[in-house]
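Enquirer: If you scroll down you'll find the structure; I have some questions about it.
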Amino acid sequence: MKRYSDLEYLRLSKGQKFLYKLASFFAAIPRGLWNLVLGIGRFFKDLGLGIGREFSDIYLTFKNGDWKTRSSFLVMGFGSIARGQVLRGLLFLLFEIVFIFYMVVPHGGAYWVKMLGSLGLEGPSKGYDEILDQYTLVPHDNSFRILLYGVLTLFFIAAFIYTWRANVRQNKIAEEILRTGKPLRSGKDDLRSLVDDNFHKTLLALPLTGILVFTVMPIIFMILVAFTNYDGDHNGYTNALFGWVGFENFRTMFSWDVGGVNYAATFGEILTWTLIWAFFATFTNYFLGIFVAMMINKKGIHLKKVWRTILILTIAIPQFISLLYVSKMFDLNGLVNGGLKALGLIQQNIDFWGTPKLARIMVIVINIWIGIPYLMLIATGILMNIPADLYESSRIDGASGWKQFTKITLPYMLFITGPYLLTSFTSNMNNFNVIYLLTGGRPTNAAASGAAGSVGYTDLLITWLFKITTGSGTKYYLASVVGILVFLVVALISLVVYNLLPSVKNEEDFQ
Amino acid sequence: MSNNNTAAIEREKRHMGLKASARISNTIIYILLIAISIVWLIPFVCIVLQSFRMESTGRVGYVIPQVWGLGNYRKLFDPSTNFLRWYLNTFIIALVVAVVQTVIVLCMSYTLSRFRFKMRKPLMQFMLILGMFPGMLAMIILYRVLDDLHLTGQYGNAVPGLILVYVASSGMGYYVSKGFFDTIPKTLDEAARVDGANRAQVLYKIILTLAKPIVIYTILTAFMGPWGDFVFARYVSQVIPQAMNVAVGLQSWLATDTMVHDNYTLFCAGGVVVAVPVAILFMCLQRYYVEGVTGGAVKG
Chain A
1 MKRYSDLEYL RLSKGQKFLY KLASFFAAIP RGLWNLVLGI GRFFKDLGLG
51 IGREFSDIYL TFKNGDWKTR SSFLVMGFGS IARGQVLRGL LFLLFEIVFI
101 FYMVVPHGGA YWVKMLGSLG LEGPSKGYDE ILDQYTLVPH DNSFRILLYG
151 VLTLFFIAAF IYTWRANVRQ NKIAEEILRT GKPLRSGKDD LRSLVDDNFH
201 KTLLALPLTG ILVFTVMPII FMILVAFTNY DGDHNGYTNA LFGWVGFENF
251 RTMFSWDVGG VNYAATFGEI LTWTLIWAFF ATFTNYFLGI FVAMMINKKG
301 IHLKKVWRTI LILTIAIPQF ISLLYVSKMF DLNGLVNGGL KALGLIQQNI
351 DFWGTPKLAR IMVIVINIWI GIPYLMLIAT GILMNIPADL YESSRIDGAS
401 GWKQFTKITL PYMLFITGPY LLTSFTSNMN NFNVIYLLTG GRPTNAAASG
451 AAGSVGYTDL LITWLFKITT GSGTKYYLAS VVGILVFLVV ALISLVVYNL
501 LPSVKNEEDF Q
Chain B
1001 MSNNNTAAIE REKRHMGLKA SARISNTIIY ILLIAISIVW LIPFVCIVLQ
1051 SFRMESTGRV GYVIPQVWGL GNYRKLFDPS TNFLRWYLNT FIIALVVAVV
1101 QTVIVLCMSY TLSRFRFKMR KPLMQFMLIL GMFPGMLAMI ILYRVLDDLH
1151 LTGQYGNAVP GLILVYVASS GMGYYVSKGF FDTIPKTLDE AARVDGANRA
1201 QVLYKIILTL AKPIVIYTIL TAFMGPWGDF VFARYVSQVI PQAMNVAVGL
1251 QSWLATDTMV HDNYTLFCAG GVVVAVPVAI LFMCLQRYYV EGVTGGAVKG
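Top to bottom, those sequences are chains A and B.
Residues 1 to 511, numbered by this note's numbering, are exactly what the first sequence covers, in order.
Residues 1001 to 1300, numbered by this note's numbering, are exactly what the second sequence covers, in order.
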């Protein structure tokens, strides 16, 4: 690839600049990959060195420490208590007691970790029920719980190791402070620092716990599920256990023929439509939103507030009401067909949701109805920030309205809203509500419906994921694979676009 | 001289022309705006009108009812439909979520805006990556966990479970309010710190008084979220009648074609009852919403 110098680059036209950037991005991929490999190598080297340093530090703390420090290696917090930092010490001790208790108790941590390798040994067996006078399945091991609590226990063990290390470090620090003759921080000081120097820890404790338990943990769990055969027929408890299957599910997803079902084609088809949808949903809203905002804000247009309020109604009214209602309006025997018939415009009812192409166009059009108001608000805010003298001087130079739009308004908007466009593209890829409430994925795609969940022509990956996990024939492992693939696509797009954006912003600029 | 004159006349003509063209373009814009307004209003007008239709319950090809009446609304509040229960469920959820989520979001965004600590950047990048996973993926397991804790619709009440799900991860949505906090000058904090206030006092006494718009924005969006949520509510409530929220409930009325035939006008009435209070609240506070939305987009 030809490389331009800065001066040559500046002389290129807009389109050439963009192509050049695009080409240089892809040209940089091999080097980027190589850097990634190097980076990973460096990471592990640093990690190894870091661990080595930690161990030597722990060893030195033990060797040079007094008896209080040394006993802290076994009884956490002992040193702190012995040196008068009772609060800290008690917390350490309490954590150790809870941890040991949890690990050794029957069906406690040790059990879950031990079972993690197999996800359960004994499946449900047939047992005779005297009351019902019939054989029923008696569950034993529970694969789901084993996976869940196994992962949780691993988290807990990591937390314990971290705390133990902190406990050792505390002793070293305390010894050093005492050697210099200064007093140690008391429990009161510790508490006070929670609203002062360490206030950020206090503030973050609750939100981060929530994210850890309700987002991070489930995501790790679901990534693991992609490597099992967890589905409706192997729910891990009442009907059959599930176990590890390695990369089998990914192989299924990328196979042309699994039991007569072409998963690869189904996935490809849905992904293509998802990208088409996200593209149109984002850019139609974007440009039409700007257009509407400019109309409303034009000098000499009255009743600005009225127009704005009417548009905002779609934001104010919960989406599911408007979407469900509009969906029914366009049904085969809905209002729209009735109205068109009454006006004599059509003889036959139009099957808006029954024809693949029409249904796809309809969801994009109705999404415009939903989306323009947001863009109108955003664009209004930004348009007001464009310096008015830019327009003044360009008009004196004889620029037409259209020229002003393409040379001033649009570049300014694109520059400022670049990151917003990216996030709105990716969130449109995952726009469950609009698709599910409007069409539910209809019309059914007969060719693809052999795959899990009845696949339709307007299904996005995210609604497909939902269908796989609800109703009959749930295949959680497949849903996990789809989820992971959605993540990869979104991450890839974000990476590419961020590298092409003109405004990679430094957040400190705003402060 | 004459040259000058013709130039002046030319200019005058052009001015007139500009005026005329401005008038034409304004007229076109008015026509477009009126057309847009009609398109935007039609569904809402239709839903209100059809909620008063008495002669039939299904879908018909006309909008204006032949027999007007409040029958649908009366039926809505009849114990035979679960609507009142759904409404109450959603209202309680929305209220609790509005309070707790606001606290969490403000904690998160204030910290990330004001404090510089070692893990700050990695934390923000980590959450960015976390946000790229479809949230629905987590729902499958959360459902099972909530089920183990007896917090799903199977046990008759999905309200606590849903509150937990909505609130727990709300820390991830800190972007908009962080952007707002970033605009409050740091010198204010420093001045207060010099005067002997600790960090907590800076937050309560200075920042929060200045951050009123963003606090209201956060409360408003947090309150409106549960009214429109469909996916999580469906998972957690398991479509058990008394455990649903309004979205899942009203959708269940239109699940099949026969149900549409029986419940269409009832759905319209339900939609109106849900939408009117929320919309009024939104319209009253829209100034803050607009501020938040535009600020959020500009700061990315």
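Quick reminder that beta carbons are idealized off the backbone N, C-alpha and C, glycines included.
What's the gap between the Cα of residue 316(A) and the Cα of residue 1225(B)?
Expert: Approximately 11 Å between the Cα atoms of the pair.
Enquirer: Out of curiosity, what's the CA-to-CA distance linking residue 504(A) and residue 1183(B)?
Expert: Low per-residue confidence applies at residue 504(A): pLDDT is 49, beneath 50, and the placement is therefore not dependable, though the value from the model is reported in the following sentence. If I take the Cα positions, the gap works out to 19 Å.
Enquirer: What residues in its chain sit with their C-beta under 6 Å from that of residue 367(A), if we drop five residues either side in the sequence?
Expert: Taken in chain order, the residues that qualify are 281 and 434.
Enquirer: Any beta carbon from chain A within less than 7 Å of residue 1109(B)'s own beta carbon?
Expert: Closer than 7 Å: no.
Enquirer: Chain A beta carbons: is any one of them nearer than 7 Å to that of residue 1214(B)?
Expert: No, no contact with chain A.
Enquirer: At 8 Å on the CB atoms, spell out the chain B contacts of residue 216(A), in chain order.
Expert: Correct list: 1130.
Enquirer: Are the segment 1152–1170 of chain B and the segment 1237–1251 of chain B in contact at 8 Å, needing three or more beta carbon pairs?
Expert: Touching, yes, given that three or more Cβ pairs across the two stretches are closer than 8 Å.
Enquirer: In chain B, which residues lie with their C-beta within 8 Å of the C-beta of residue 494(A)?
Expert: The answer, in chain order, is 1132.
Enquirer: Specify the secondary structure class of residue 107(A) as computed by DSSP and reduced to three states.
Expert: In the structure shown, residue 107(A) sits in coil (DSSP, three-state: anything other than H, G, I, E or B).
Enquirer: What residue range does the alpha helix (DSSP H) around residue 46(A) cover?
Expert: Looking at the DSSP string, the run of the alpha helix (DSSP H) that includes residue 46(A) is 14–64.
Enquirer: Would you kindly work out how many angstroms separate the C-alpha atoms of residue 1135(B) and residue 1056(B), rounded to a whole number?
Expert: Going from the Cα of residue 1135(B) to the Cα of residue 1056(B) covers about 41 Å.
Enquirer: Please work out which residues of its chain come closer than 7 Å, Cβ to Cβ, to residue 1259(B), disregarding the five sequence neighbours upstream and downstream, and give them in chain order.
Expert: Result list for residue 1259(B): 1253, in chain order.
Enquirer: Confirm, please, whether the CB-CB distance from residue 462(A) to residue 1294(B) is below 7 Å.
Expert: Cβ distance not < 7 Å, so residue 1294(B) and residue 462(A) don't count as in contact.
Enquirer: Smallest Cα separation from residue 458(A): which of 185(A), 92(A) and 272(A)?
Expert: Looking at the Cα atoms, 272(A) is the closest of the given residues.
Enquirer: Using 8 Å as the threshold, is the segment 1174–1182 of chain B in touch with the segment 1211–1223 of chain B, meaning 3 or more CB pairs across them?
Expert: These segments touch.
Enquirer: Please state the DSSP three-state secondary structure of residue 336(A).
Expert: Three-state DSSP puts residue 336(A) in a helix.
Enquirer: Taking the alpha helix (DSSP H) that residue 1125(B) falls in, what are its first and last residues?
Expert: Its alpha helix (DSSP H) spans residues 1120–1130.
Enquirer: Between the segment 1032–1065 of chain B and chain A, which residues of the former have a C-beta closer than 8 Å to a C-beta of the latter?
Expert: Within the segment 1032–1065 of chain B, the residues whose Cβ lies closer than 8 Å to some Cβ of chain A are 1032, 1033, 1036, 1037, 1039, 1040, 1041, 1043, 1044, 1046, 1047, 1059, 1060, 1061, 1062 and 1063, listed in chain order.
Enquirer: Under 9 Å, CB to CB, which of the residues in the segment 161–182 of chain A have a partner in chain B?
Expert: Within the segment 161–182 of chain A, no residue qualifies.
Enquirer: Are the segment 221–233 of chain A and the segment 478–489 of chain A touching, with three or more C-beta to C-beta distances below 8 Å?
Expert: Judged by Cβ distances under 8 Å, the segment 221–233 of chain A makes contact with the segment 478–489 of chain A, as three or more pairs qualify.
Enquirer: On a Cα-Cα basis, can you pick out the residue from 306(A), 382(A) and 178(A) that is closest to residue 1040(B)?
Expert: If we check each option's Cα against that of residue 1040(B), 306(A) comes out closest.
Enquirer: Exposed or buried, what is residue 67(A) when buried is set at 16 or more other beta-carbons lying within 10 Å of its beta-carbon?
Expert: Looking at its Cβ environment, which holds fewer than 16 other Cβ atoms inside 10 Å, residue 67(A) is exposed.
Enquirer: Taking 8 Å as the cut-off, does the segment 205–216 of chain A touch the segment 1123–1143 of chain B (at least 3 CB pairs, one atom from each stretch)?
Expert: Yes, since at least three Cβ pairs between the segment 1123–1143 of chain B and the segment 205–216 of chain A fall closer than 8 Å, the two stretches touch.
Enquirer: Report all residues from its chain with a CB closer than 7 Å to the CB of residue 245(A); omit the five preceding and five following residues, and keep chain order.
Expert: Taken in chain order, the residues that qualify are 227, 228 and 229.
Enquirer: For residue 1135(B), report the span of its alpha helix (DSSP H) as first-last.
Expert: Start and end: 1135–1148.
Enquirer: Check whether chain B comes within 7 Å of residue 363(A), counting only Cβ atoms and requiring the distance to be less than that.
Expert: Not an interface residue.
Enquirer: Please indicate yes or no: does the CB of residue 1195(B) lie closer than 6 Å to some heavy atom of the ligand SAH?
Expert: This structure lacks the ligand SAH; in fact it carries no ligand of any kind.
Enquirer: Under a CB-based cut-off of 7 Å, is residue 469(A) close to chain B?
Expert: At least one chain B Cβ lies under 7 Å of residue 469(A).
Enquirer: Do three or more CB pairs link the segment 1276–1285 of chain B to the segment 338–357 of chain A at distances below 8 Å?
Expert: No, because fewer than three Cβ pairs between the segment 1276–1285 of chain B and the segment 338–357 of chain A fall closer than 8 Å, the two stretches do not touch.
Enquirer: Counting only beta-carbon separations shorter than 7 Å, does residue 1227(B) have a partner in chain A?
Expert: Yes, contact with chain A.
Enquirer: Is residue 1205(B) buried or exposed, if buried means 16 or more other CB atoms sit within 10 Å of its CB?
Expert: Under this definition residue 1205(B) is an exposed residue.
Enquirer: Taking CB distances under 7 Å as the criterion, tell me whether residue 1169(B) reaches chain A.
Expert: Chain A contact via Cβ: present.
Enquirer: Within 10 Å of its beta-carbon, does residue 51(A) have 16 or more other beta-carbons around it, so buried, or fewer, so exposed?
Expert: Exposed, since its Cβ has fewer than 16 Cβ neighbours within 10 Å.
Enquirer: DSSP has residue 129(A) in a bridge; who is on the other side?
Expert: Beta-bridge pairing links residue 129(A) to 134(A).
Enquirer: Helix, strand or coil, according to DSSP, for residue 261(A) in the structure here?
Expert: It is a strand residue.
Enquirer: Name the chain A residues whose beta carbon is nearer than 8 Å to that of residue 1294(B)?
Expert: Within 8 Å Cβ-Cβ: 377, 378, 380, 381 and 382.
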